[in-house]
Structure formats: C-alpha cells, structure tokens
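A quick write-up on the structure given underneath.
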Amino acid sequence: MHNLYYFTDRSYLSWLNEPTGTLVEAMRQQGIIAPDHHRVRFCGFFFWCGGTAVFLPANSDVSVKPALSAHLLLRTLNRYYAGRPTGILGTGGDSLIGGSLLSLAVTLFDDYQANGLYVRRCRHRTINQGKTNWPRTFARHTPFPAATAPIYFELESSRTRYVSDCETARIHAAVIRDIREKFGILLYGETVLSDENLEKMQSPTGGREAQLAYLNRELSLSYSERDITLINSLKRYIDSSQGCDEDSLIIGTRHFHSVWEVMLDNVLSGERNFNSRLPVPYYFKDGLFHEVAEKGQRTDTVLRNDDGTRYAVVDAKYYTASAPKDAPGWPDLVKQFFYQKAVKSVTNKDAEVTTHFVFPGSVSYLTSAHVGERGQHQQKTLQHTSGYPVVNCHYCDPTDLMKAYVSYGKMQNLRDSILNISETWYSDCQGHLE
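Number 105 in our numbering belongs to position 56 of the sequence shown; there are no gaps in the numbering.
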C-alpha cells in the first residue's frame, strides 16, 4: 500500500504537509477542494501519486493510533452508507464518493477472512464409492436373485471432489490481492501480514473480459448461496475497477455531519419515535385547521432517565467548536430553545428537560451557551435573559464514537454525563450568573 498521511477534516490547506507537495493541487483537480476554499471539507481517503491521504473526522488526534482511527473510519463509512446512493456528484448532499467500490471491497475481504479462497465442487459418478443413487442403479444394473431380496453387486454412486486450484479461485485471489494492495492497513487496522494462500496462487489467465466470461460460466454451474454471492461480487468488483486509476481513487464524503448525527443517535440509545409526540403546525383555511405534520419539529436525539424525571434534547453538531466563533450560531440555538419547550409540553410537568450540543473532540473547549443582554463580552458574570434555557456543550472523541458505532455498542458514560446535568444548573457554573 502507498505511504499514508493523516490529516483531519476542516484542516486549513496550509496544514496539509506531505513530501511531494502535490496533494492540494490533486484534490483541487478532482473537485474535492473548491478554488475559493481555505479549509478541507472532506472526510475519507484520497489516493494520489504521492500516497494515500487519510482525512479523519474533525478534531481527531492524529498522533494517537492513527491507523486504528483510519480503519474505524473505513468501517464507519461502509456501515453508514450501506445501501445508499453513491457518487461524487450526488444531488442529495449526503452521498459517499466511491461507495460502491468500498462496499464490495469490504464484503469480499470479510468473506475471504471467514471462508478463504473459492473452492469448486465437482460431483463425479462412481461405482460402489460414495452415496448410492438407487434409481440409477435400478435402471442400469441387473440384480442377482437371492432368497430374501435381489442383490446388486454394482451400485451407481457419486462423490464430490473439491478443486482449490481453478480459474475462479485464481480470479478470487487476484481480487483479494488488489484489495489488500489498495486498502491494506485500512481494512486490518494493524500491520498487514503476508498471506501464503494468496502468494502461491497463480494469476488468472486472460484480461478483464476473459475473467468475466469465465465467472459467468462458473455461475451457471454453481448452486450454493455462498458461491453465487461470491461470484456475483467478484464480477461487480472487476466492473467497478474498470478505468479506476489507483492514483486518483477517492472514498469519502464532504458531508460527514450526517454520519456524526446517526452515530451519536445509535450509541446514546435515544427514545424511539419521540418526534411523533411533538406538537405540529396547523394552517387555518376556509374555516378549518389543516395539520401539516411533515413540517413538524425533528430533534436529533431525546434521552430519558429510568424514572422519567429527566429528559435531554441532544443535537449532534459536527463543528470544530474550539472557540465561540467556531460554534453553532443563532439558528441552531433557537432550534434547541424550541425543542426544549416542545419536549417539555409532552412530558411530565415536573420533569426536567435540558438541551445539549455534542461536538467532535477530546478537549472540552466550550462549556455551555447562554442568552444575555448585549455588552457583556468577556465578563465573569452574565446578566441572563429569562426564558432561554442553557445549551450544554459536550465533546466526544471521534475514534471512541466510531469504535462503538461499528461494533454496535453504546457509550453509557456520555449518556450519563448528559442526563446528570440539572435543568436548574450545575456546580461548575454557579456564581457566574446574576
């Protein structure tokens, strides 16, 4: 695999230092960086002639096990985008560049790790060997008469022979070698060890068209579900690799905020279908009120403690949030204010409802967001405007989140830290409001 260089999403272009000095221009040529942009807005993998640039989620610590983080990012993208439309020019704004190739590579790699190389099953007709075929025996052989029952001295039978060195196995090995060469440590998460089974397997005969033709013939002779699935996946991978230059391969997304939201919702175990309980708008027309439920409020995640005395409205925010200027603005704050009011209207009147932002990172730069009168910049106390709830800020390490997400785990500590914050305020900010 090419040399790996680790960066983070939302990095300034001047920070993209690598030996060849060609990365930024290559990304511009591929449309990943717009001419007027000064920061990277891309999370994923960019292959170019100088190596492979890995762009981890914003605020990731590239000095701590970057290879593991890259591996988790690959698995995260594959899980999130499974079955979704992909393409570099996706109109929905939520597409994965190179998603089809990634999905095939991961599927084929995991299958190889579990089952090894393809083995052809050949069934041969035999006499007195293997499983007896009685209908064929009755039709083709004359029995020897006996007192109790006729005796057949020659029994039609069949045996299954397994052939590991066949053309399909060679094509399979060539594809796995290509996947290991392209993705290597990104799939393993650690050093890629040599594989004797792949190394000793000969290369397939013929080019792409010949390989596809052979796979089609093999498919017509296959009957097991695994063989059929594997052969179809090999065909799709060979097709996807057609015209794909490894020096310009791109796998990733410019819209990682969508992934961030879904990951947090999965690991926090939020209340399911809670949005269906929230108030919705109505329009008055011709003397009647018309419900417009599709225009209703949609929270990211709502948490509830065991006894229903506390609720937390959590908004996953993919911001660097290292300073107030890099934090969510007024529109995002207003949404949280209204979400808090809406949730409170459908829960126990005595329940506490708090609001929260969760940013990527392991350092808590910001503690909370408040609304107050103007002219109080950099003051130790704040004249707080009544009627606006505090929005509490939390940070979640992207690597920890991806690890929990790809393993279908939960982040109980983060959930507890959110629910343990009281609506009436918390100890580390007491005395800072008047």
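Using N, Cα and C, we set each Cβ at its ideal position, and we do this for glycine too.
Looking at the strands, I want to know which residues DSSP matches up with residue i.
| i | result |
| --- | --- |
| Ala102 | Tyr54, Phe95 |
| Asp364 | Phe406 |
| Arg38 | Absent from the structure is residue 38, since the part of the chain shown begins at 50 and ends at 483. |
| Ser417 | Asn441 |
What are the start and end residues of the alpha helix (DSSP H) that includes residue i?
| i | result |
| --- | --- |
| Glu67 | That residue, Glu67, is in no alpha helix (DSSP H); it is neither H nor E in DSSP. |
| Asn127 | 115 to 129 |
| Val392 | 379 to 394 |
| Tyr454 | 447 to 455 |
| Val461 | Inspection of the sequence shows that residue 461 is occupied by Gln rather than by Val. 461 to 468 is the span of the alpha helix (DSSP H), which, as asked, contains Gln461. |
| Gln78 | 72 to 78 |
Got a sec, what are the start and stop residues for the beta strand (DSSP E) residue i sits in?
| i | result |
| --- | --- |
| Pro409 | 401 to 409 |
Would you decide whether residue i is buried or exposed? Buried here means 16 or more other CB atoms lie within 10 Å of its CB.
| i | result |
| --- | --- |
| Leu138 | Confidence is the limiting factor: at Leu138 the pLDDT is only 44, short of 50, which leaves the residue's position unreliable and the question unanswerable from this model. |
| Gly480 | Bear in mind that a pLDDT of 42 at Gly480, under 50, signals an unreliable position, so the number given afterwards is only what the model happens to contain. Answer is exposed; the Cβ neighbour count stays below 16. |
| Phe338 | exposed |
| Asn372 | Note on identity: in this sequence residue 372 is Ala, with Asn being the wrong assignment. Looking at its Cβ environment, which holds fewer than 16 other Cβ atoms inside 10 Å, Ala372 is exposed. |
| Gly378 | exposed |
| Ala342 | exposed |
| Gly141 | Residue placement at Gly141 cannot be trusted, given a pLDDT of 48 that sits under 50; the coordinates are not used to answer. |
| Ala259 | exposed |
| Asp446 | buried |
| Leu270 | exposed |
| Glu216 | buried |
| Phe202 | exposed |
| His120 | buried |
| Asn462 | exposed |
| Gly136 | For Gly136, the pLDDT reaches just 46, beneath the cut-off of 50, and the residue's location in the model is therefore unreliable, leaving the point undetermined. |
| Pro68 | exposed |
| Ser213 | exposed |
| Gln78 | exposed |
| Asp42 | This structure cannot settle anything about residue 42, because the visible part of the chain is limited to 50 through 483. |
| Ala453 | buried |
| Trp309 | buried |
| Ser394 | exposed |
| Ile467 | buried |
| Lys374 | exposed |
| Ala262 | exposed |
| Glu483 | Unreliable positioning characterises Glu483 in this predicted model, as indicated by a pLDDT of 47, which lies under 50. A coordinate reading is not provided. |
| Lys344 | exposed |
| Trp183 | exposed |
| Val440 | buried |
| Gln385 | buried |
| Asn315 | buried |
| Gln389 | buried |
| Ile200 | exposed |
Assuming residue i contacts residue j (C-beta within less than 8 Å), just tell me the rounded distance between them.
| i | j | result |
| --- | --- | --- |
| Ser60 | Arg88 | 7 Å |
| Ala365 | Leu352 | In fact, because the Cβ distance is near 12 Å, the residues do not count as touching under 8 Å. |
| Ala391 | Gln346 | 5 Å |
| Tyr367 | His306 | 4 Å |
| Gly421 | His433 | 5 Å |
| Leu268 | Ile287 | Not a contact, Cβ separation roughly 13 Å. |
| Cys92 | Gly238 | In fact, because the Cβ distance is near 18 Å, the residues do not count as touching under 8 Å. |
| Leu236 | Leu123 | 7 Å |
| Arg359 | Glu401 | 5 Å |
| Gly410 | Asn108 | 3 Å |
| Phe94 | Met76 | Wrong, their Cβ atoms sit about 12 Å apart, outside the cutoff. |
| Ile220 | Leu283 | 6 Å |
| Asn127 | Ser149 | With a Cβ gap of about 11 Å, Asn127 and Ser149 do not count as contacting. |
| Asn246 | Leu313 | Contact doesn't hold; Cβ gap of about 40 Å is too wide. |
- In chain order, which continuous runs of the alpha helix (DSSP H) of length 4 or greater are located wholly inside the segment 277 to 361? Here the runs fully enclosed are 305 to 317.
- Starting from the N-terminal side, write out each stretch of the alpha helix (DSSP H) that is 4 residues or longer and does not extend beyond the segment 231 to 266. The alpha helix (DSSP H) runs lying completely inside the segment 231 to 266 and spanning 4 residues or more are 234 to 237, 245 to 248, given in chain order.
- Taking the runs of the alpha helix (DSSP H) that are 4 residues or longer, which of them lie wholly in the segment 158 to 208? For the segment 158 to 208, whole alpha helix (DSSP H) runs of length 4 or above, ordered along the chain, are 183 to 189.
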